[in-house]
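Structure record follows, encoded as structure tokens.
There are 2 protein chains.
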Amino acid sequence: MKTTIKDIAEKANVSFATVSRALNNHPRISSATKEKITKIADELNYKPNFNARSLVKKETKIIGLVLPEIQGDFFTEVIKGIDQVAHSGGYHVIVASSHSERSIAESIMSFMGESMVDGVILMIPAISDQLKEIIGVSGSTPVVIINGNHEIEDFDIVYIDNFQGAYSIIDYIIKNYNYTKIAHIKGPLKNNDALERFEGFKAALQDNGLELPDEWIINGDFNIKGGEIACSRLLSLRNKPEVIFAGNDMMAAGCYRAIKTYGLSIPGDIGVVGFDHTFLSELISPPLTTVHIPIFEVGKKAASLLLEKLKNKDHQPNQIKISTGIILGESCRKKLVGKSA
Amino acid sequence: MKTTIKDIAEKANVSFATVSRALNNHPRISSATKEKITKIADELNYKPNFNARSLVKKETKIIGLVLPEIQGDFFTEVIKGIDQVAHSGGYHVIVASSHSERSIAESIMSFMGESMVDGVILMIPAISDQLKEIIGVSGSTPVVIINGNHEIEDFDIVYIDNFQGAYSIIDYIIKNYNYTKIAHIKGPLKNNDALERFEGFKAALQDNGLELPDEWIINGDFNIKGGEIACSRLLSLRNKPEVIFAGNDMMAAGCYRAIKTYGLSIPGDIGVVGFDHTFLSELISPPLTTVHIPIFEVGKKAASLLLEKLKNKDHQPNQIKISTGIILGESCRKKLVGKSA
DNA sequence: GGAATTAATGCAAACGCTTGCACTAAGATA
DNA sequence: TATCTTAGTGCAAGCGTTTGCATTAATTCC
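Written out as structure tokens, the structure reads:
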């Protein structure tokens, strides 16, 4: 039988209300009784009942995290970031991974519905209208979204500045390495991150006055195999690009494979640029030139935002931009002498 | 204001007990009223209150997952496995990652204590006596451990057969590739997985009548840098090994780096064997010969075991062994003609 | 020294739900 | 027709807390 405050009350000869107050550091409790009660609670190995408390306080101190299907260590870092902030705020984190759009919606619903969580962090590659509706309607449970799209003004969202990331690195390699023929392997069609990267890429080319033949834009899937296939297509073109900008590191790794298969060398014969700066990018050789995303930071920011939202009921939707950085590996040409960014 | 069963009761002109029964498919409710109530509940967008239910039913339908600090995609897969089983059993999964031994203990305590979870899955590299005590004492909350050590008979545990995994692959490369000089880079000292792999390795050498000079056993840390450093030491030995068995893939990748730095080739000059069959092992080149661990399976088994335990109160501690497999990459010598396993 | 303040504690309701028991109105049985 | 089942509901207690209000005892003030 678990010990309750009543057990303690009995043993301490006080009402159980007093016990509750003593254990919660209520000011109007004499230090003598507080001490006594704490001691007895300790002896009886008392642990407060989470559900009873939640029931009356109308909060659970749990935040729900809905994750998409992601490969790699994205997950880990995000969770860590969220966990750190959540924990220091006295919250626990519930995780639900979801594999399809439908089950995502369901997860959220079940989370938000049963008043099991105080808030939800929703990490999701694309935001469907259906989802918007769910989030909008159930106005009750606060939601923070982690996504590549910042143009959703009604929601709280932490987004990675994919556009700037792509723009910067492409601009950099053009200015510093004098690349002029750059191809791109896109991510999944409906993926906002993928979309923004593509836009940033195009903008950089345009601003530098470079051409972009259609055949240099290939659809990929953010997976290694997709990168490999896409790269093969590029390599078999008559008008080959000089460097390939893969939508993420995974596909960049796929490029490495394809290039190796073709008996070509990186960056001698062809350059490769990635995006994400995952663990992987430093492992493959040559080390990949890629865009760094502070994933841990993303998790922390999302959690902070949610906690903020939980405190201030009349909090206004907030869009937090996470900036990226350039990681210079060795998968591009040597820097031109006398020219710099 | 969230709708409660009382709201529904009022609207349906029945007692709220009837509502509760109707919504929980109690047999003694006329299908007419059941239908009526379900309809109203739907209209009012009713969602049961998780805490109230948990309070009276004395169960939360949540299982806690305590994770250590791990790099790579171990996490992801385990969570997925656990989540799948848990979900289909009507449970949610709470995650707490922990960074030090102390905070692991604390996480568990806070989980198990506040009757926030029905059970805990504890993934942990080493089991200290302190931890054993915590788990033992608080007999109330069921715990399942994921660990490399099966010799803890009092607990429910899912363990990876590291010994056999190491033994098999070492035995294989000896018999098939005729290696005779094999070095090993160990994992962290107190890590049970690391320990078992080392034992399996030694046993395989012994059974094949091979020598193992002390200088061929290097301490590592399961990280890439550690692997690189350890490998460098091996490469600078006068009596160099022909193949290096790294305690995990990460360190194997470190070996790749060191070997490259020394201007040597794999497997021409020296072979490398890993353990884990992480994503990474297929990425580096040449693809790594390594030991496969069905991580997803581990998660599923752990969750199943826990659910089983939650059902049967008088369930006996169970040790579940997860077997490994050999993945033949290209980081070892060519197979000898006319000789086979 | 009596009134007013303050400190410390108790009382009891409430949170939203489940469930054993009691109750009613049928239909079944004798 | 009187009794017995049985299906369908309602009553009310209880789960373990928190917390506003009431109460008492101690202290302070004039």
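If you're matching them up, the sequences are chains A and B in order. Residue 1803 in this note's numbering sits at position 307 of the first sequence, and the numbers go up by one each step. Residue 1524 in this note's numbering sits at position 28 of the second sequence, and the numbers go up by one each step. All C-beta atoms in this analysis are idealised placements derived from N, C-alpha and C, irrespective of residue type, glycine included.
Between residue i and chain A, is the shortest Cβ-Cβ distance under 7 Å, so that the two count as touching?
i, result
"residue 1694(B)", "no"
"residue 1685(B)", "no"
"residue 1519(B)", "no"
"residue 1572(B)", "yes"
"residue 1748(B)", "no"
"residue 1826(B)", "no"
With H, G and I counted as helix, E and B as strand and the rest as coil, what does DSSP make of residue i?
i, result
"residue 1672(A)", "helix"
"residue 1464(A)", "Residue 1464(A) is absent from the structure shown; chain A starts at 1497 and stops at 1837."
"residue 1625(A)", "helix"
"residue 1667(B)", "helix"
"residue 1909(A)", "Here chain A comprises residues numbered 1497 to 1837, so residue 1909(A) is not present and cannot be evaluated."
"residue 1645(B)", "coil"
"residue 1810(A)", "coil"
"residue 1756(A)", "helix"
"residue 1551(A)", "helix"
"residue 1620(A)", "coil"
"residue 1593(A)", "strand"
"residue 1658(B)", "helix"
"residue 1762(B)", "coil"
"residue 1772(B)", "strand"
"residue 1716(A)", "coil"
"residue 1780(B)", "coil"
"residue 1613(B)", "coil"
"residue 1650(A)", "coil"
For the candidate residues the options, whose alpha-carbon lies nearest to that of residue i?
i, options, result
"residue 1714(A)", "1560(A), 1658(A), 1619(A) and 1737(A)", "1737(A)"
"residue 1685(A)", "1695(A), 1599(A) and 1639(A)", "1695(A)"
"residue 1564(B)", "1592(B), 1524(B) and 1545(B)", "1592(B)"
"residue 1585(B)", "1614(B), 1659(B), 1600(B) and 1603(B)", "1614(B)"
"residue 1747(B)", "1697(B), 1772(B), 1525(B) and 1734(B)", "1772(B)"
"residue 1575(B)", "1781(A), 1590(A) and 1581(A)", "1590(A)"
"residue 1725(A)", "1599(A), 1510(A) and 1754(A)", "1754(A)"
"residue 1777(B)", "1709(B), 1750(B), 1802(B) and 1766(B)", "1750(B)"
"residue 1643(B)", "1551(B), 1825(B) and 1789(B)", "1789(B)"
"residue 1497(A)", "1543(A), 1533(A) and 1509(A)", "1543(A)"
"residue 1809(A)", "1702(A), 1819(A), 1675(A) and 1637(A)", "1637(A)"
"residue 1559(B)", "1525(B), 1609(B), 1676(B) and 1649(B)", "1609(B)"
"residue 1765(A)", "1794(A), 1731(A), 1795(A) and 1814(A)", "1731(A)"
"residue 1668(A)", "1504(A), 1505(A) and 1830(A)", "1830(A)"
"residue 1649(A)", "1612(A), 1821(A), 1816(A) and 1820(A)", "1816(A)"
Say whether chain B places a C-beta atom closer than 7 Å to the C-beta of residue i.
i, result
"residue 1879(A)", "For residue 1879(A) there is no data in the structure shown, the boundaries of chain A being 1497 and 1837."
"residue 1691(A)", "no"
"residue 1741(A)", "no"
"residue 1659(A)", "no"
"residue 1718(A)", "no"
"residue 1823(A)", "no"
So residue i is in the alpha helix (DSSP H); what residue range does that whole segment cover?
i, result
"residue 1512(B)", "1512-1519"
"residue 1797(A)", "1791-1807"
"residue 1529(B)", "1527-1539"
"residue 1768(B)", "No alpha helix (DSSP H) contains residue 1768(B), which is instead part of the beta strand (DSSP E) from 1767-1769."
"residue 1688(B)", "1688-1703"
"residue 1826(A)", "No alpha helix (DSSP H) holds residue 1826(A); DSSP gives it neither H nor E."
Could you check where the beta strand (DSSP E) with residue i kicks off and where it finishes?
i, result
"residue 1720(A)", "Element bounds for residue 1720(A): not the beta strand (DSSP E) but the alpha helix (DSSP H), 1720-1731."
"residue 1682(B)", "1678-1682"
"residue 1560(B)", "1558-1563"
"residue 1501(A)", "Here residue 1501(A) belongs to no beta strand (DSSP E); instead the alpha helix (DSSP H) covers 1501-1508."
"residue 1787(B)", "1786-1788"
"residue 1817(B)", "1815-1818"
Using a threshold of 6 Å, is the CB atom of residue i nearer than that to any non-hydrogen atom of the ligand ATP?
i, result
"residue 1579(A)", "In terms of ligand content, the structure shown is empty, and the ligand ATP therefore cannot be addressed."
Using a Cβ-Cβ cutoff of 7 Å, what residues of the stretch 1531-1560 of chain B are near chain A? List them in chain order. 1543, 1544, 1545, 1546, 1547, 1548, 1550, 1551 and 1556
Against chain A: residues of the stretch 1576-1591 of chain B by CB proximity under 7 Å: 1576, 1579, 1588, 1589, 1590 and 1591
Interfacial residues, the stretch 1594-1626 of chain B to chain A, with Cβ spacing under 7 Å: 1609, 1610, 1611 and 1612
Beta carbons nearer than 8 Å to chain A: which residues of the stretch 1767-1800 of chain B have them? 1775, 1776, 1779, 1780 and 1781
Taking a cut of 7 Å between CB atoms, which residues from the stretch 1662-1684 of chain A lie near chain B? none
Which of the residues in the stretch 1718-1737 of chain B, read from start to end, lie with their CB under 8 Å from any CB of chain A? 1720
Taking beta-carbon pairs under 9 Å, can you tell me which members of the stretch 1498-1525 of chain A lie near chain B? 1498
To be precise: take each residue of the stretch 1748-1763 of chain B, compare its Cβ to all Cβ atoms of chain A, and keep it if any distance is under 9 Å. Which residues remain? 1749, 1752, 1753 and 1756
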